[in-house]
Structures are given as C-alpha cells and as structure tokens.
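Okay, structure first, notes after.
There are 2 protein chains.
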Amino acid sequence: MSSFRELIEQAEVNQCPRQFTLALTDTMNVVSGKWKLPIIAALFYKKNRFKDLLDSLEGITPRMLSKELKELEINGMIERKVTNHPPVLVAYTLTESGQNIITVIDAMIDWGLLHRKGEMKRI
Amino acid sequence: MSSFRELIEQAEVNQCPRQFTLALTDTMNVVSGKWKLPIIAALFYKKNRFKDLLDSLEGITPRMLSKELKELEINGMIERKVTNHPPVLVAYTLTESGQNIITVIDAMIDWGLLHRKGEMKRI
DNA sequence: TGAATTACTATACTAAAGTATATCGGTTAG
DNA sequence: CTAACCGATATACTTTAGTATAGTAATTCA
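Residue numbers (full-length UniProt numbering), protein chains in the order written: chain A, 1 to 123; chain B, 1 to 123.
If you want it as structure tokens, here you go:
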C-alpha cells in the first residue's frame, strides 16, 4: 500500500488528493477524542455490555459512554444488539470495519514505540 | 509487527499493556487536533517557511500556526532552523520521526478508503 | 525615509469537548 | 412490595481547543 508515501515521492504532486483527505478525516473522526480508542480496545477485550464498559473504562460517565457508543454506531464501527428474550440485554460488538481499525492502532503503537526509542537516545 | 492484534488473540490477555497504551497516547498527541496533520502534510510537500505554511493552510491564524509548530517541535516531530546570514530566515523540517509518521497516515488512509467502500455497499 | 515582508506575540473571545450529579423506566431477586 | 440492577437520559456546568483582531521587532527594498 503506502499510498501517501508513494505520492509525495512524485515531485510534480504538491497537494494531497481529495479522496485521501476524506479517508484520513473519516479515520480521525473514529479515533479522536478521549474515549474512542479506550472503548474500541475494551470491545476487543470482549467487554460487550454497557455496564461492563462503564466498569472497565475508569472515569467515564454513563452520559459520555452512551454518546460515544451512538457515534461509533453511526460511523459503522460497532453494532448494538438487543436480546429480547428475558432478561433483556444489550450487547455492543465491533463490525468488520471496527475490527479492521486494529491495523491503524498497530501502526500507531509501532510508531509510538519507535519514536520513544529515538527520543531516549537524544535526551 | 501487528503487535496489538497478536496480543488480543491470546485469550488469557485481557488488558492492553502499559507500554502500548503509552505509545498509542504519544501518537495520538502528535496527530490530534484540527491542524497537526495538515501542517505535517504541508511539510511533506516542502512548505518549510512560516509564511509558506500560513498561506498553504487555509484558515489558520499565525497564533495557531505558531502554537502548533512549537508543540510539534517539543514532541520531536519537527526541527526549527534559523539561517543567520542575511536575510534571516526560519525553516521548519520534519525529523526522522516526523517523516516516519507517514506509516501511520498511510494506515489511516488505507482504512478510511476501505471503510468507505464497506459503507457504500451497506447504504 | 517609508512601505513592505517575515516571523511572530498579546489580549480577548467563541465553540467544542468533556464532567458532575441526578433521575428514569423496565426487570428481577428476595 | 421494594430494593437493586441494567441501560440509559436530562440539565447544568467546567475545561480545553480554536478564532478574531491587533500589534511588535527586525530586516529589506525602492
């Protein structure tokens, strides 16, 4: 892949194409904010119920969790499933897209680790 | 690589290790906000002077640009070089770490493009 | 000499993001 | 019956992020 990297190596191109900018903005929207990544991570670790998430995510308020889950659902990152046969339970799960975001998270972790090593040397 | 993905596949692990969380936070800090990525992209496209950046980044104020450049410098993403032989000019350039962030940007673009395709089908 | 350019900084403001605290409606266990 | 639990919502607030507008100091160009 490495789409943007390839692009900037072509000397004649001097601006990021619109489709790339849009894709980047989409990604930023689903990861930015204080709670998005923690929530996604918790879902990866199989915390699927509202209460489980509320307990796992130290410091989050129900209002915030509710708001973030709604946003993630609208953005196609998670699915909300209600089991009607009693007891009525709500389960949140990552969609395929939601699971794929791990490629981004991994790239971030890798860069972060590398960057820390680089900074160590300098300081 | 794929560090986090590998991790969550091991059933006994049920929390993201501290070093990964820290690395992720570092990365989030250097890319989040309205102007960080646009500034980094502009630097990739060889806009190196304060004025060039101010003109390329539509809508940014000098105050904001100055603030963001300072933060990026503190975080080891860019270097500020002053050429003293007249005319006195200031040039901002991406450090090695700053250039490596393209791996993250690319992962984000790739995911964004894929996600858009997925959403198309559904809607 | 005086206007323009570069690289900013200062003060004051608005808007967006996040928090605190309380409450609700349905279900279920004792 | 009622106390507790689940999955939230309502209102009010604080904090952080970003904007508007003006101005500064140093140089350079005509």
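Just so it is clear, CB atoms sit at the ideal spot from N, CA and C, and this is done for glycine as well.
At least 8 Å separates the beta-carbon of MET120(A) from that of SER97(A). A distance below 8 Å separates the beta carbons of TRP111(B) and VAL104(A). Boundaries of the beta strand (DSSP E) harbouring LEU94(A): 89-94, taken from the DSSP string. Around LEU65(B), the same chain offers TRP35, ILE39, PHE50, LEU53, LEU54, LEU57 as residues with beta carbons nearer than 8 Å, after the five sequence neighbours per side are excluded. Boundaries of the beta strand (DSSP E) harbouring VAL82(A): 78-83, taken from the DSSP string. When C-beta distances to chain B are compared with 8 Å, the residues of the segment 107-122 of chain A below that value are ALA107, MET108, ILE109, ASP110, TRP111, GLY112, LEU113, LEU114, HIS115, ARG116, GLY118, GLU119, ARG122, in chain order. The alpha-carbon separation between LEU72(A) and VAL30(A) amounts to approximately 7 Å.
Of the other Cβ atoms in all chains shown, fewer than 16 fall within 10 Å of the Cβ of ALA91(B); this residue is therefore exposed. Closer than 8 Å to the CB of ALA91(A) there is not a single CB belonging to chain B. Using a Cβ distance threshold of 8 Å, ASN100(A) and LEU24(B) do not count as a contacting pair.
Rounded to the nearest whole angstrom, the C-alpha separation of THR21(A) and MET28(A) is 10 Å.
In terms of Cα proximity to SER3(A), the closest of ILE102(B), ARG116(B), LYS117(B), GLY118(B) is ILE102(B).
When the beta-carbon positions are compared, ASP26(A) and ARG5(B) stay at least 8 Å from each other. DSSP, reduced to helix, strand and coil, places GLN15(B) outside both helices and strands of the structure shown, so it counts as coil. The continuous alpha helix (DSSP H) containing ILE40(B) extends over residues 36-44. If you draw a straight line from the Cα of CYS16(A) to the Cα of ARG116(B), it is about 18 Å long. By the CB criterion at 8 Å, LYS81(A) and THR93(A) fall inside the cutoff.
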